[in-house]
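**Student:** Here's a structure for you.
There are 2 protein chains.
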Amino acid sequence: MNLSAHILKIAKAAKKASYALALASTAQKNSALRAMAHALVNNQDYLIKENAKDLKAAKTQGYSKALVDRLTLNPQQIKAMADSLLETAKLKDPVGETLQTIKRPNGLLIKKICVPLGVVGIIYESRPNVTSDCAGLCLKSGNAAILKGGREAIHSNKAIFQILKGQLKKTKIPLEALQLIESTDRTAVRELLQLQGFIDLIVPRGGEGLIRFVSDHSRIPIVKHDKGICHVYVSNQADLNMARRITMNAKVQKPAVCNAMETLLVDKAVARKFLPSIIADLQNAGCEIRGDQKTRAIVNNPGRGTACRARTGVIKRATEKDWRTEYLDLILSVKVVDGLQEAVDHINTYGSHHSDSIVTKDKSQARRFLDAVDSACVYVNASTRFTDGYEFGFGSEVGISTDKLHVRGPMALEGLTSYKYEVYGQGQIRQ
Amino acid sequence: MNLSAHILKIAKAAKKASYALALASTAQKNSALRAMAHALVNNQDYLIKENAKDLKAAKTQGYSKALVDRLTLNPQQIKAMADSLLETAKLKDPVGETLQTIKRPNGLLIKKICVPLGVVGIIYESRPNVTSDCAGLCLKSGNAAILKGGREAIHSNKAIFQILKGQLKKTKIPLEALQLIESTDRTAVRELLQLQGFIDLIVPRGGEGLIRFVSDHSRIPIVKHDKGICHVYVSNQADLNMARRITMNAKVQKPAVCNAMETLLVDKAVARKFLPSIIADLQNAGCEIRGDQKTRAIVNNPGRGTACRARTGVIKRATEKDWRTEYLDLILSVKVVDGLQEAVDHINTYGSHHSDSIVTKDKSQARRFLDAVDSACVYVNASTRFTDGYEFGFGSEVGISTDKLHVRGPMALEGLTSYKYEVYGQGQIRQ
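Top to bottom, those sequences are chains B and L.
Residue numbering for the first sequence follows my numbering, beginning at 3 and increasing consecutively.
Residue numbering for the second sequence follows my numbering, beginning at 3 and increasing consecutively.
Written as structure tokens, this is what we have:
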């Protein structure tokens with residue numbers, strides 16, 4: 003069978019299975035999730051053995067330490083994967099919920115009912131835990147899942163998949179409800195993206211290249227989990243001690259994630275007071291700073307106006323490209339702005355509509371920022387790092403949607419559902 | 003300026019205007035809608051004069067009477083357009099509504115707030131009232147609109163657009179929030195579909211060719227308003243008098259619309275009793291029937307088992323293609339099925355996931371049909387013709403979405419919105 007026919011066969015089988023899975027009870031789904039969790043832990047030696055093949059290949063190919071770290075499965079990470087499945091089992095099942103009830107004058111009763119989407123294709127990179135997290139979320143929300151992980155994690159993903167799927171054999175849920183595409187060829191992804199009618203949603207999770215490839219080729223609706231170019235704006239009414247804590251947390255605590263800050267915007271009224279010390283702190287934490295002209299004038303030539311004695315290294319000039327870059331690293335671009343409007347305009351122009359924060363004591367300023375910034379999550383006096391399914395109380399997540407349609411921000415179970423209208427009549431006809 | 007630069011300029015201006023429109027008050031938006039309604043009526047002579055140019059061209063090109071009817075603007079239709087805008091002004095403004103409030107253990111307060119999508123592009127055909135309906139719905143939901151109507155209605159659409167836009171001059175809403183693409187070239191649509199980042203949603207409304215063109219070329223998320231291949235299934239437990247009324251209504255009352263029935267499925271247990279008389283009635287109403295083998299055996303050779311003396315014309319054989327065809331005309335395909343499961347399988351395989359109905363007195367049968375049919379609107383004992391914004395109580399609609407993402411079924415104001423999370427802190431940082 004050629005690749006095209008193979009992918010079509012997988013999608014057709016998933017679609018058929020999705021109709022049975024949509025009718026499965028919450029108890030059946032939860033019992034499968036718990037069995038999967040236990041099976042992962044019980045088979046950890048096998049998982050670690052298979053993972054070692056990926057790690058060996060990664061080292062041979064000279065992958066970065068960060069990538070190798072993301073690939074690695076150890077007992078602790080396997081336990082975390084199992085715990086995540088157990089947590090998913092505890093989440094409220096959205097399927098079947100009545101979202102709205104409408105009674106019409108002609109006697110028709112209309113119920114808007116939450117239903118699974120059908121078949122969800124998830125295309126991702128590196129971390130093998132995505133395989134079990136997404137399989138679990140799709141199962142709980144009643145969706146058949148077609149998983150396509152990266153080449154670098156193929157042995158790990160296959161091993162996790164075999165263990166999870168093995169547990170479906172003991173249930174009434176069809177085995178075909180969980181599918182893994184083993185081909186490491188991008189042609190496989192391209193084939194998958196043509197199968198509208200069999201796949202209801204594609205979720206690309208990964209770097210810019212992957213997102214663009216999927217965007218460009220998909221005939222199936224997608225929800226993108228794109229980059230996070232997040233901002234903190236320190237306003238002229240900011241509590242500067244709070245601004246310092248939030249800035250350090252948003253940049254330094256975990257720089258490689260999408261909700262970390264990439265650009266700091268500082269109001270000109272507080273720039274001389276705030277910038278030299280925060281930049282010294284950031285540099286001491288290993289962070290490279292790239293500043294606009296005003297920032298560099300203040301930091302590189304701290305005249306009499308500067309309030310502190312911070313010793314800062316000379317900083318490089320930020321280019322237009324910096325404002326559009328997700329560093330995912332200990333690098334920060336810094337810009338002095340004339341006021342709230344310039345901050346908002348900068349964020350809406352250069353940001354990725356992910357997570358942005360204002361630090362201010364002024365409520366009307368906060369209101370204007372909340373209203374005008376066009377992002378999934380807009381913060382007042384808090385770190386952008388809270389944009390996360392668990393931190394929002396939603397539980398495990400498929401990712402953080404940077405799209406505006408269907409789901410925005412943390413995408414949890416609800417984002418994997420649609421609805422239908424059930425209309426109950428007694429013979430009504432249209433006049 | 004070349005076409006590409008011209009379209010880009012329009013989209014950029016719309017994006018900029020959308021930020022101001024998003025902050026407009028409900029009163030400002032309603033006042034603009036009412037002014038637009040009055041202006042349409044006050045300028046009806048101008049509208050009718052411009053419309054006459056389209057009608058003349060349509061006649062020259064030998065368009066069908068149905069198309070000419072859809073194109074025609076008379077005082078009654080202009081009044082209906084104005085009334086629709088007044089109705090939209092009366093609808094509850096969804097923007098700013100708090101959809102969910104979450105209080106986290108760390109003190110963060112998270113509010114999920116309804117916001118406009120931003121810029122909505124609507125690509126449609128024929129009927130000029132779509133121009134004012136969609137302009138009104140976009141305005142009320144705080145979205146800038148880019149309208150692209152069909153070549154056949156270009157003079158009418160330009161006239162309506164000029165009148166509506168003229169009313170914005172008297173408000174604080176930027177003129178650029180309402181845009182019409184006057185080029186009748188498909189290249190204009192193609193250019194528009196590339197402008198992700200400036201346009202947030204594309205809604206294609208029209209025939210299969212338009213939908214496919216938009217689907218194939220759009221880099222912007224789309225919500226499709228595709229064909230309606232709607233079914234009525236007469237079960238073995240049906241009240242056959244009710245089945246007769248519903249069948250006639252769903253097929254004959256207005257055959258040219260998407261919620262009209264295209265295929266009748268009849269349970270084998272009631273086929274001999276039900277089919278000859280209903281087919282005679284349909285034929286008497288001018289409807290052509292195409293039947294599967296069993297239907298033809300019953301109707302073309304009514305043996306001793308048939309209960310009635312209906313005189314039916316000989317009926318043609320339905321082909322595989324018929325099950326997939328939206329006739330939008332007085333043509334009906336008919337199939338005898340072995341039971342509920344075959345009906346459901348037929349609907350899920352050949353239907354367009356739009357609107358499907360079961361006629362049955364048996365509640366558990368109804369439940370199985372509601373659960374298993376994968377369509378936007380699933381009916382029990384009612385005509386499929388009720389799938390409509392007004393009939394559901396939503397008011398004027400953008401169309402009927404046949405997609406599962408973002409919005410399904412009648413797409414009204416709510417379907418033109420997204421949400422953002424507002425997160426209120428007191429200096430919280432992530433541990």
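Built from N, CA and C at the ideal position, the CB exists for glycine as well.
So, is the C-beta of L5 of chain B closer than 8 Å to a C-beta in chain L?
**Tutor:** no
**Student:** State buried or exposed for K142 of chain L, treating a residue as buried only when at least 16 other CB atoms are found within 10 Å of its CB.
**Tutor:** buried
**Student:** Out of L:D95, L:D187 and L:R72, which one is the CA nearest neighbour of S6 of chain L?
**Tutor:** L:D187
**Student:** Which residue comes first and which comes last in the beta strand (DSSP E) that contains C232 of chain L?
**Tutor:** C232 to V236
**Student:** Expressed to the nearest angstrom, what Euclidean distance is found between the alpha-carbon atoms of L197 of chain B and Y329 of chain L?
**Tutor:** 25 Å
**Student:** For E322 of chain B, which residues in the same chain have their Cβ closer than 8 Å to its Cβ, ignoring the five residues on either side in sequence?
**Tutor:** none
**Student:** Going by beta carbon distance, what residues of the same chain come within less than 8 Å of L88 of chain B, once the five residues before and after it are set aside?
**Tutor:** L35, R36 and A39
**Student:** Locate the beta strand (DSSP E) running through Q181 of chain L, then write down its first and last residues.
**Tutor:** L180 to L182
**Student:** Let's see if you can read the secondary structure: which residues bound the alpha helix (DSSP H) around S217 of chain B?
**Tutor:** Residue range E210 to H219 is occupied by the alpha helix (DSSP H) that includes S217 of chain B.
**Student:** Assuming V339 of chain B contacts L267 of chain B (C-beta within less than 8 Å), just tell me the rounded distance between them.
**Tutor:** 5 Å
**Student:** What is the DSSP secondary structure of Y329 of chain B, counted as helix, strand or coil?
**Tutor:** coil
**Student:** What residue range does the alpha helix (DSSP H) around A16 of chain L cover?
**Tutor:** L5 to A24
**Student:** List in chain order: all unbroken alpha helix (DSSP H) runs of 4+ residues lying wholly within the stretch 40 to 119 of chain L.
**Tutor:** 46 to 62, 67 to 73 and 77 to 92
**Student:** Which residues, in chain order, does the stretch 397 to 430 of chain L contribute to contact with chain B at a C-beta distance below 7 Å?
**Tutor:** Of all residues in the stretch 397 to 430 of chain L, D405, K406, L407, H408, R410, G411, S420, Y421, K422, Y423, E424, V425, Y426, G427, Q428, G429 and Q430 have a Cβ within less than 7 Å of some Cβ in chain B.
**Student:** Would E193 of chain B pass as an interface residue toward chain L - the criterion being a Cβ-Cβ separation below 8 Å?
**Tutor:** no
**Student:** Looking only at its chain, what residues have a beta carbon closer than 7 Å to the beta carbon of C136 of chain B, apart from the 5 residues adjacent to it on each side?
**Tutor:** I124, A147, L149 and V400
**Student:** Please state the DSSP three-state secondary structure of H356 of chain L.
**Tutor:** coil
**Student:** From V97 of chain L to A299 of chain B, what distance separates their C-alpha atoms?
**Tutor:** 43 Å
**Student:** Could you compute how far the alpha carbon of S357 of chain B sits from the alpha carbon of H348 of chain B?
**Tutor:** Those two C-alpha atoms are separated by around 14 Å.
**Student:** Quick check: the Cα distance between D269 of chain B and R246 of chain B, rounded to an integer number of angstroms?
**Tutor:** 14 Å
**Student:** Along chain L, in chain order, which residues have C-beta atoms closer than 8 Å to that of N383 of chain B?
**Tutor:** Y426, G427, Q428, G429 and Q430
**Student:** Is there a Cβ of chain B sitting closer than 8 Å to that of I125 of chain L, yes or no?
**Tutor:** no
**Student:** With 8 Å as the threshold, decide whether the Cβ of I201 of chain L is near any Cβ in chain B.
**Tutor:** no
**Student:** Name the one or two DSSP bridge partners that D269 of chain B has.
**Tutor:** D269 of chain B is bridged to B:V339.
**Student:** Using a C-beta to C-beta distance shorter than 8 Å, which residues of chain L count as neighbours of N350 of chain B?
**Tutor:** Y21
**Student:** Between K422 of chain B and V121 of chain L, is the Cβ-Cβ spacing less than 8 Å?
**Tutor:** no
**Student:** Determine the closest residue to E344 of chain L out of L:R319, L:R370, L:D324 and L:D331, with distance taken between C-alpha atoms.
**Tutor:** L:R370
**Student:** Within 8 Å of any Cβ in chain B, is that where the Cβ of L372 of chain L sits?
**Tutor:** yes
**Student:** Given 7 Å as the limit, tell me if E210 of chain B has its C-beta closer than that to any heavy atom belonging to the ligand ZN.
**Tutor:** With respect to the ligand ZN, the structure shown offers nothing to examine, as it has no ligands at all.
**Student:** Could you give the C-beta distance for L277 of chain B and V301 of chain B, rounded to a whole number, given that I count them as a contact under 8 Å?
**Tutor:** 6 Å
**Student:** When burial is assigned at 16 or more other CB atoms within 10 Å of the CB, is G307 of chain B buried or exposed?
**Tutor:** Unreliable positioning characterises G307 of chain B in this predicted model, as indicated by a pLDDT of 49, which lies under 50. The coordinate reading is nonetheless provided below. Burial call: exposed.
**Student:** Got a sec: is the Cβ-Cβ distance from L25 of chain L to anything in chain B below 8 Å?
**Tutor:** yes
**Student:** Give the interface partners of A59 of chain B over in chain L, defined as CB-CB distance under 7 Å, in chain order.
**Tutor:** In chain order: nothing, as chain L lies at least about 34 Å away.
**Student:** Establish whether the CB of C379 of chain L and some CB of chain B are separated by less than 8 Å.
**Tutor:** Closer than 8 Å to some Cβ of chain B, the Cβ of C379 of chain L qualifies, so yes.
**Student:** Give me the subset of the stretch 101 to 118 of chain B whose CB atoms are less than 7 Å from a CB atom of chain L, sorted by chain position.
**Tutor:** I104, R106, L110 and I112
**Student:** Along the chain, where does the alpha helix (DSSP H) that runs through N251 of chain B open and close?
**Tutor:** L242 to V254
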